[in-house]
Amino acid sequence: MVMYIKNNPDFKTVWQLAHNWISADSDKTDPNEISPDLRTAIHRLMLAMAGREISARWKGLKIFRDDSFLSMIFDFYHDIKFLNCLGKNEFDKDYLDNLYVKRNEVMNWCSDSLLDPPPCWSHKKLIATDQAEYELVDPDDENNSWYDKISKRRRQRIVCIELAKQLWKINPNLSYEEMRSHPIMQQFGYSSTFSPKPFKNLVRIVASESAQLPGAPTKSKE
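Printed below as a string of C-alpha coordinates:
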(Lines of atoms letter the chains of each structure in order from A and count residues from 1; the text may use other names and numbers.)
(Lines give C-alpha, C1' and ligand atoms only; values in the text may rest on other atoms or scores of the structure.)
Protein backbone atom coordinates (compact mmCIF):
# COMPACT_ATOMS: atom_id res chain seq x y z
CA MET A 1 0.00 0.00 0.00
CA VAL A 2 2.83 2.42 0.77
CA MET A 3 4.04 2.42 -2.83
CA TYR A 4 1.15 4.52 -4.16
CA ILE A 5 2.02 7.41 -1.86
CA LYS A 6 5.76 7.03 -1.34
CA ASN A 7 6.77 8.88 -4.50
CA ASN A 8 3.53 10.79 -4.94
CA PRO A 9 4.11 14.59 -4.78
CA ASP A 10 0.69 15.01 -3.13
CA PHE A 11 1.86 13.10 -0.03
CA LYS A 12 4.67 13.75 2.45
CA THR A 13 5.62 12.09 5.71
CA VAL A 14 5.40 14.07 8.94
CA TRP A 15 9.18 13.79 9.26
CA GLN A 16 9.75 15.17 5.74
CA LEU A 17 7.14 17.91 5.87
CA ALA A 18 8.02 19.19 9.33
CA HIS A 19 11.66 19.57 8.27
CA ASN A 20 10.68 21.32 5.04
CA TRP A 21 8.44 23.64 7.04
CA ILE A 22 11.41 24.96 9.03
CA SER A 23 13.95 24.61 6.17
CA ALA A 24 15.95 21.87 7.90
CA ASP A 25 17.68 18.76 6.54
CA SER A 26 15.69 15.66 7.50
CA ASP A 27 18.74 13.42 7.01
CA LYS A 28 20.87 15.30 9.54
CA THR A 29 18.48 15.52 12.47
CA ASP A 30 19.14 13.46 15.58
CA PRO A 31 15.73 12.27 16.87
CA ASN A 32 17.06 12.67 20.42
CA GLU A 33 17.94 16.32 19.84
CA ILE A 34 14.89 17.86 18.19
CA SER A 35 14.96 21.67 17.94
CA PRO A 36 12.06 23.70 19.40
CA ASP A 37 10.94 24.78 15.92
CA LEU A 38 10.95 21.23 14.59
CA ARG A 39 9.12 19.98 17.67
CA THR A 40 6.42 22.60 17.10
CA ALA A 41 6.06 21.64 13.42
CA ILE A 42 5.77 17.92 14.20
CA HIS A 43 3.34 18.49 17.06
CA ARG A 44 1.13 20.75 14.94
CA LEU A 45 0.78 18.09 12.24
CA MET A 46 0.12 15.30 14.72
CA LEU A 47 -2.45 17.30 16.67
CA ALA A 48 -4.26 18.08 13.42
CA MET A 49 -4.28 14.37 12.55
CA ALA A 50 -5.42 13.36 16.02
CA GLY A 51 -8.25 15.90 15.77
CA ARG A 52 -9.09 14.66 12.24
CA GLU A 53 -8.52 18.10 10.76
CA ILE A 54 -6.29 16.30 8.26
CA SER A 55 -6.28 12.57 7.52
CA ALA A 56 -3.43 10.32 8.61
CA ARG A 57 -1.97 7.38 6.69
CA TRP A 58 0.40 4.82 8.14
CA LYS A 59 2.29 3.18 5.27
CA GLY A 60 -0.65 3.95 2.99
CA LEU A 61 -3.44 2.78 5.31
CA LYS A 62 -5.75 5.38 6.87
CA ILE A 63 -5.78 5.58 10.65
CA PHE A 64 -8.07 7.47 13.05
CA ARG A 65 -11.01 6.96 10.67
CA ASP A 66 -13.80 7.10 13.26
CA ASP A 67 -14.80 6.23 16.83
CA SER A 68 -15.94 2.67 16.13
CA PHE A 69 -14.75 -0.24 18.27
CA LEU A 70 -12.80 -1.76 15.37
CA SER A 71 -11.02 1.53 14.72
CA MET A 72 -10.13 1.83 18.40
CA ILE A 73 -8.54 -1.63 18.30
CA PHE A 74 -6.71 -0.94 15.05
CA ASP A 75 -5.52 2.49 16.19
CA PHE A 76 -4.27 1.43 19.65
CA TYR A 77 -0.65 1.18 18.46
CA HIS A 78 -0.88 4.64 16.88
CA ASP A 79 -2.55 6.11 19.98
CA ILE A 80 0.50 5.05 22.01
CA LYS A 81 2.90 6.51 19.43
CA PHE A 82 1.02 9.81 19.37
CA LEU A 83 0.84 10.02 23.16
CA ASN A 84 4.57 9.35 23.48
CA CYS A 85 5.39 12.02 20.94
CA LEU A 86 2.93 14.69 22.06
CA GLY A 87 3.12 14.01 25.78
CA LYS A 88 6.69 12.83 26.30
CA ASN A 89 8.46 14.39 23.30
CA GLU A 90 9.66 10.98 22.12
CA PHE A 91 10.34 11.33 18.40
CA ASP A 92 10.48 7.97 16.63
CA LYS A 93 12.02 8.82 13.25
CA ASP A 94 11.02 5.52 11.62
CA TYR A 95 7.41 5.99 12.70
CA LEU A 96 7.21 9.66 11.69
CA ASP A 97 8.83 8.90 8.34
CA ASN A 98 6.05 6.42 7.52
CA LEU A 99 3.19 8.62 8.72
CA TYR A 100 1.79 10.46 5.69
CA VAL A 101 -0.35 13.56 5.18
CA LYS A 102 -2.06 14.79 2.01
CA ARG A 103 -1.20 18.06 0.31
CA ASN A 104 -4.65 19.58 -0.30
CA GLU A 105 -5.75 18.79 3.28
CA VAL A 106 -2.62 20.37 4.75
CA MET A 107 -3.01 23.44 2.53
CA ASN A 108 -6.66 23.91 3.56
CA TRP A 109 -5.77 23.36 7.22
CA CYS A 110 -2.95 25.93 7.00
CA SER A 111 -5.36 28.43 5.47
CA ASP A 112 -7.99 27.83 8.16
CA SER A 113 -5.34 28.01 10.91
CA LEU A 114 -3.68 31.15 9.48
CA LEU A 115 -0.38 29.31 9.02
CA ASP A 116 2.08 29.69 6.17
CA PRO A 117 2.18 26.38 4.26
CA PRO A 118 5.39 24.34 4.01
CA PRO A 119 7.60 25.76 1.20
CA CYS A 120 7.43 22.54 -0.85
CA TRP A 121 3.66 22.94 -1.12
CA SER A 122 3.41 26.73 -1.26
CA HIS A 123 1.40 28.32 -4.05
CA LYS A 124 4.56 29.94 -5.45
CA LYS A 125 6.26 26.54 -5.66
CA LEU A 126 3.28 24.97 -7.44
CA ILE A 127 3.00 27.87 -9.89
CA ALA A 128 6.71 27.64 -10.68
CA THR A 129 6.36 23.89 -11.30
CA ASP A 130 3.41 24.43 -13.62
CA GLN A 131 5.30 27.15 -15.48
CA ALA A 132 8.31 24.88 -15.94
CA GLU A 133 6.04 22.16 -17.34
CA TYR A 134 4.36 24.64 -19.67
CA GLU A 135 7.71 25.75 -21.09
CA LEU A 136 8.46 22.14 -22.01
CA VAL A 137 5.26 21.86 -24.04
CA ASP A 138 5.12 22.47 -27.79
CA PRO A 139 1.40 22.59 -28.72
CA ASP A 140 2.30 22.49 -32.42
CA ASP A 141 4.06 19.14 -32.06
CA GLU A 142 2.23 16.98 -34.61
CA ASN A 143 3.33 13.81 -32.83
CA ASN A 144 1.53 14.90 -29.65
CA SER A 145 4.64 14.13 -27.60
CA TRP A 146 3.90 17.29 -25.61
CA TYR A 147 1.05 15.42 -23.88
CA ASP A 148 3.50 13.07 -22.13
CA LYS A 149 5.41 16.06 -20.76
CA ILE A 150 2.42 17.31 -18.76
CA SER A 151 1.93 15.85 -15.28
CA LYS A 152 -1.20 13.86 -14.51
CA ARG A 153 -2.34 16.49 -11.98
CA ARG A 154 -1.95 19.30 -14.50
CA ARG A 155 -4.04 17.34 -17.03
CA GLN A 156 -6.75 16.98 -14.41
CA ARG A 157 -6.74 20.71 -13.71
CA ILE A 158 -7.01 21.52 -17.42
CA VAL A 159 -9.92 19.11 -17.91
CA CYS A 160 -11.65 20.51 -14.82
CA ILE A 161 -11.35 24.11 -16.05
CA GLU A 162 -12.48 23.35 -19.60
CA LEU A 163 -15.44 21.27 -18.47
CA ALA A 164 -16.53 23.95 -15.99
CA LYS A 165 -16.32 26.54 -18.77
CA GLN A 166 -18.68 24.52 -21.00
CA LEU A 167 -21.13 23.73 -18.19
CA TRP A 168 -21.34 27.40 -17.20
CA LYS A 169 -22.16 28.25 -20.82
CA ILE A 170 -25.10 25.84 -20.59
CA ASN A 171 -26.21 27.01 -17.14
CA PRO A 172 -24.61 30.29 -15.98
CA ASN A 173 -26.64 30.26 -12.76
CA LEU A 174 -24.67 27.41 -11.22
CA SER A 175 -22.77 28.36 -8.06
CA TYR A 176 -19.22 27.17 -7.44
CA GLU A 177 -20.41 24.38 -5.15
CA GLU A 178 -23.16 23.35 -7.56
CA MET A 179 -20.54 23.20 -10.30
CA ARG A 180 -18.20 21.15 -8.14
CA SER A 181 -20.96 18.65 -7.27
CA HIS A 182 -22.41 18.52 -10.81
CA PRO A 183 -22.68 14.83 -11.89
CA ILE A 184 -20.73 15.47 -15.09
CA MET A 185 -17.97 17.28 -13.19
CA GLN A 186 -17.85 14.47 -10.66
CA GLN A 187 -17.62 11.80 -13.34
CA PHE A 188 -15.38 13.42 -15.93
CA GLY A 189 -13.91 16.61 -14.46
CA TYR A 190 -12.03 15.29 -11.40
CA SER A 191 -13.87 17.83 -9.24
CA SER A 192 -14.09 15.37 -6.33
CA THR A 193 -10.28 15.51 -6.04
CA PHE A 194 -10.48 19.20 -5.09
CA SER A 195 -11.93 20.50 -1.85
CA PRO A 196 -14.26 23.54 -2.20
CA LYS A 197 -11.75 26.37 -1.82
CA PRO A 198 -9.06 24.99 -4.21
CA PHE A 199 -11.80 24.15 -6.72
CA LYS A 200 -13.15 27.70 -6.59
CA ASN A 201 -9.66 29.14 -7.08
CA LEU A 202 -9.05 26.78 -10.00
CA VAL A 203 -12.19 27.51 -12.03
CA ARG A 204 -12.66 31.18 -11.10
CA ILE A 205 -11.11 32.30 -14.41
CA VAL A 206 -13.94 30.67 -16.39
CA ALA A 207 -16.80 31.20 -13.92
CA SER A 208 -20.00 32.87 -15.07
CA GLU A 209 -20.79 36.40 -13.92
CA SER A 210 -23.58 35.01 -11.78
CA ALA A 211 -21.25 32.65 -9.92
CA GLN A 212 -18.78 35.48 -9.27
CA LEU A 213 -21.31 37.88 -7.80
CA PRO A 214 -20.69 38.73 -4.12
CA GLY A 215 -22.94 36.66 -1.92
CA ALA A 216 -23.64 34.07 -4.61
CA PRO A 217 -25.34 31.11 -2.89
CA THR A 218 -23.34 28.02 -2.02
CA LYS A 219 -24.42 24.75 -0.47
CA SER A 220 -21.44 24.13 1.78
CA LYS A 221 -19.00 26.19 3.76
CA GLU A 222 -15.36 26.25 2.67
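Numbering-wise, the working numbering puts 712 at position 110 of the sequence shown, and it's gapless, one number per residue. Built from N, CA and C at the ideal position, the CB exists for glycine as well.
Leaving aside the five residues that flank Ile624 on each side, the residues in its chain whose CB is nearer than 7 Å to its CB run, in chain order, Asp639, Leu640, Ala643.
Annotated three-state conformation of Leu701 is strand, per DSSP. For Phe613, the three-state secondary structure derived from DSSP is strand. Contact holds between the segment 643 to 659 and the segment 682 to 696, because three or more Cβ pairs, one in each stretch, are under 8 Å apart.
Under DSSP, Arg659 shares a beta bridge with Lys664, Tyr702.
With contact defined as three or more Cβ pairs closer than 8 Å, the segment 627 to 634 and the segment 703 to 723 are not in contact. Annotation: Leu815 to Arg646 spans about 36 Å, alpha carbon to alpha carbon.
When DSSP assignments are scanned along the segment 742 to 814, the uninterrupted stretches of alpha helix (DSSP H) that are 4 or more residues long and fall wholly within it turn out to be 754 to 772, 778 to 782, 785 to 790, 798 to 805, 811 to 814.
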